[in-house]
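Start counting the sequence shown at 2; every next residue gets the next number (my numbering). Here's the structure we're looking at; comments come further down.
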Amino acid sequence: MNEYYWMIGLGVLLLAAGLWIGFFLHQKVAAAKIRLAEQNTREVVEEAQKKAEAVKKEAEIQAKDFLFQAKMEFEAEVRERRQEIGNLEKRFLQKEENLEKRIDLFEQREANLARREKSILQQEKNIGEMEKKYQTLLGEQRQLLERIAGISAEEAKERLMKLVESEMRHESARLIKRIEEETQNQAEKRAREIIGNAIQRYAADYVAEETVSVVNLPNEEMKGRIIGREGRNIRALEAACGVDLIVDDTPEAVIISGFNPVRREIARITLERLITDGRIHPGRIEEIVAKAEEEVEKSIRESGERATFDVGVHGINPELVKMIGKLKYRTSFAQNVYQHSLEVAFLAGAMASELGVNVKQAKRAGLLHDIGKAVDHEVEGSHALIGADLARKFGEAHRIVHAIAAHHDDEKPVGLLDILIQAADALSAARPGARWEMLETYVKRLEDLEKIAHSFPGVGKTYAIQAGREIRVIVENEEISDADAVMLSRDIARKIENELSYPGQIKVTVIRETRAIEYAK
Numbered sequence: 002m003n004e005y006y007w008m009i010g011l012g013v014l015l016l017a018a019g020l021w022i023g024f025f026l027h028q029k030v031a032a033a034k035i036r037l038a039e040q041n042t043r044e045v046v047e048e049a050q051k052k053a054e055a056v057k058k059e060a061e062i063q064a065k066d067f068l069f070q071a072k073m074e075f076e077a078e079v080r081e082r083r084q085e086i087g088n089l090e091k092r093f094l095q096k097e098e099n100l101e102k103r104i105d106l107f108e109q110r111e112a113n114l115a116r117r118e119k120s121i122l123q124q125e126k127n128i129g130e131m132e133k134k135y136q137t138l139l140g141e142q143r144q145l146l147e148r149i150a151g152i153s154a155e156e157a158k159e160r161l162m163k164l165v166e167s168e169m170r171h172e173s174a175r176l177i178k179r180i181e182e183e184t185q186n187q188a189e190k191r192a193r194e195i196i197g198n199a200i201q202r203y204a205a206d207y208v209a210e211e212t213v214s215v216v217n218l219p220n221e222e223m224k225g226r227i228i229g230r231e232g233r234n235i236r237a238l239e240a241a242c243g244v245d246l247i248v249d250d251t252p253e254a255v256i257i258s259g260f261n262p263v264r265r266e267i268a269r270i271t272l273e274r275l276i277t278d279g280r281i282h283p284g285r286i287e288e289i290v291a292k293a294e295e296e297v298e299k300s301i302r303e304s305g306e307r308a309t310f311d312v313g314v315h316g317i318n319p320e321l322v323k324m325i326g327k328l329k330y331r332t333s334f335a336q337n338v339y340q341h342s343l344e345v346a347f348l349a350g351a352m353a354s355e356l357g358v359n360v361k362q363a364k365r366a367g368l369l370h371d372i373g374k375a376v377d378h379e380v381e382g383s384h385a386l387i388g389a390d391l392a393r394k395f396g397e398a399h400r401i402v403h404a405i406a407a408h409h410d411d412e413k414p415v416g417l418l419d420i421l422i423q424a425a426d427a428l429s430a431a432r433p434g435a436r437w438e439m440l441e442t443y444v445k446r447l448e449d450l451e452k453i454a455h456s457f458p459g460v461g462k463t464y465a466i467q468a469g470r471e472i473r474v475i476v477e478n479e480e481i482s483d484a485d486a487v488m489l490s491r492d493i494a495r496k497i498e499n500e501l502s503y504p505g506q507i508k509v510t511v512i513r514e515t516r517a518i519e520y521a522k
């Protein structure tokens, strides 16, 4: 038992000794590590101090270099600025010298102007005094003349003006009569020029054509059949003919609307045949339209050939002949353009024969002058220029082409043929009944004619006759002399030209009647 305790005590002693030894060794190791760490720390601090000193020295060197470079740049900039300031000072001194010179010059000019102004004021004063003297002298002379003549200056001036006006009017009338007599005795060439210049006054405006055709129906039921189920018949007809069909409240009638007169005619023929036949459906519509197109095409060609045969012109391109035939379906102010073209051709030929101009050329140009109206709904521009382009394209002579282009003054007339076509065109359009005119417009034109004639002094009565193509003016015998009547007719004609628009020309006839009355007792 004692051995057991002895063993335990020995173990405890050994354990305590081991612990003390371990603690002692641990203290020594820790002290060694501390010494090593302190040594490493000193080395790091020393190395850091060395690096810091190196960086500091390098920074000092760079700073010195930067300061040196900045100093050099600053000195260079200062030198440059000083040089600029020196240049500016030189320029400023030069400008100051120039300014001083100008100031001296201006002062000299101002002194000169002051002297001139003083001189002018003195001259004005002298002129004013002289003018007063002259006015006084003129007043004395005028009073002396008025005492001698027995009338005032205003009365003398008025009498003189009336005398001069009367003499000038008489002189003008005599001069006009003499010129007219000399003109009538001119040679044939001069007469042709006068006729050409006179008929050149004719003018005819380009007017809009009719754009609708009306087809009569046998009854109101037919409108429904033309429209068809869900509108298929009317759509097929419009698509095939290229027109618009207007089915409205107009009793027993359908309106065909379109700018192309040929298509409108094809639609009219087609619709009339469908109504007569009674079978109206898309298939039948296409069949009838094809037949109507052939018929209209044949009619156009025959009409063109008939026109060239009637006028007596040959060798016209077939395309132009076809276009002449198309004019049969075109109207201007209700005047058929086809008939109008034939009339112009005949009128131009008749006038050309009288004037000794080539009759064939005149008829050819007259027949083709409105050819542009056959396609002017398809091409932009004036029908005269369109027609000239077509004629040029299909081989017509230059004179014919220019006459077509100039018949509405789109181009300037250069020859007698151009003026002949203008005159023939105006004559055909202005003849009574050729073109439609509203009654109100017609009456207003007649009233304006008579009003213009009445506006002149000495006019007693006025009468617009021959559908407004002549105005007869009856003047007072005591107020208007024969010479004054000549001047009055011209004055009225000029005023009508300036204030009214009218087709053709208006004849002004001034009548001065002298009546001698005696009674047998």
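C-beta: ideal position from N, C-alpha, C; glycine also.
Counterpart residues of residue i in DSSP-defined beta bridges
i	result
residue 466	471
residue 332	337
residue 343	Answer is none; residue 343 lacks a bridge partner.
residue 217	254
residue 247	256
residue 476	460, 513
Endpoints, alpha helix (DSSP H) assigned at residue i
i	result
residue 400	399-407
residue 511	From DSSP, residue 511 is part of no alpha helix (DSSP H) but of the beta strand (DSSP E) over 508-513.
residue 371	Where residue 371 is concerned, there is no enclosing alpha helix (DSSP H), given that its DSSP letter is neither H nor E.
residue 499	483-500
residue 380	Run containing residue 380: none; DSSP gives neither H nor E here.
residue 278	262-278
residue 285	283-312
residue 325	319-327
residue 359	Note, residue 359: premise wrong, no alpha helix (DSSP H); not H, not E.
residue 225	222-228
residue 239	233-242
Nearest neighbour of residue i, chosen from the options [CA to CA]
i	options	result
residue 229	262, 267, 252, 275	275
residue 214	144, 248, 54, 231	248
residue 350	423, 27, 381, 81	423
residue 295	270, 39, 61, 503	270
residue 453	477, 498, 485	498
residue 243	71, 257, 13, 251	257
residue 416	356, 86, 481	356
residue 387	376, 8, 173	376
residue 320	360, 369, 111	369
residue 291	303, 312, 264, 277	264
residue 373	358, 342, 362	342
residue 325	361, 278, 392	392
residue 300	381, 280, 477, 328	328
residue 250	224, 260, 261	224
Nearest-angstrom Cβ-Cβ length linking residue i and residue j, presumed shorter than 8 Å
i	j	result
residue 425	residue 348	4 Å
residue 254	residue 217	6 Å
residue 297	residue 266	6 Å
residue 364	residue 346	5 Å
residue 322	residue 344	At roughly 18 Å, the Cβ-Cβ gap does not stay under 8 Å, so residue 322 and residue 344 are not in contact.
residue 419	residue 385	Rounded, the Cβ-Cβ distance is 11 Å, inconsistent with contact.
residue 241	residue 286	6 Å
residue 283	residue 226	Contact doesn't hold; Cβ gap of about 13 Å is too wide.
residue 513	residue 466	So it is not a contact: roughly 18 Å between Cβ atoms.
residue 484	residue 174	3 Å
residue 331	residue 262	5 Å
residue 318	residue 259	That belief does not hold up - the Cβ atoms of residue 318 and residue 259 are roughly 27 Å apart, past 8 Å.
Near the ligand FAD: residue i beta-carbon under 8 Å from a heavy atom
i	result
residue 13	Only the bare structure without any ligand can be found here, which leaves the ligand FAD out of the picture.
Check your understanding: With a cut-off of 8 Å, do at least 3 Cβ pairs link the region 470-485 to the region 507-517?
Key -> Judged by Cβ distances under 8 Å, the region 470-485 makes contact with the region 507-517, as three or more pairs qualify.
Exercise for review: Decide if the region 481-490 is in contact with the region 455-467; the criterion is three or more beta carbon pairs, one per stretch, under 8 Å apart.
Suggested key: Segment contact: the region 481-490 against the region 455-467, three or more CB-CB distances shorter than 8 Å; contact assigned.
Check your understanding: Touch check for the region 403-414 and the region 442-452: three-plus C-beta pairs under 8 Å?
Key -> With a cut-off of 8 Å, the region 442-452 and the region 403-414 do not count as touching, because too few Cβ pairs lie within range.
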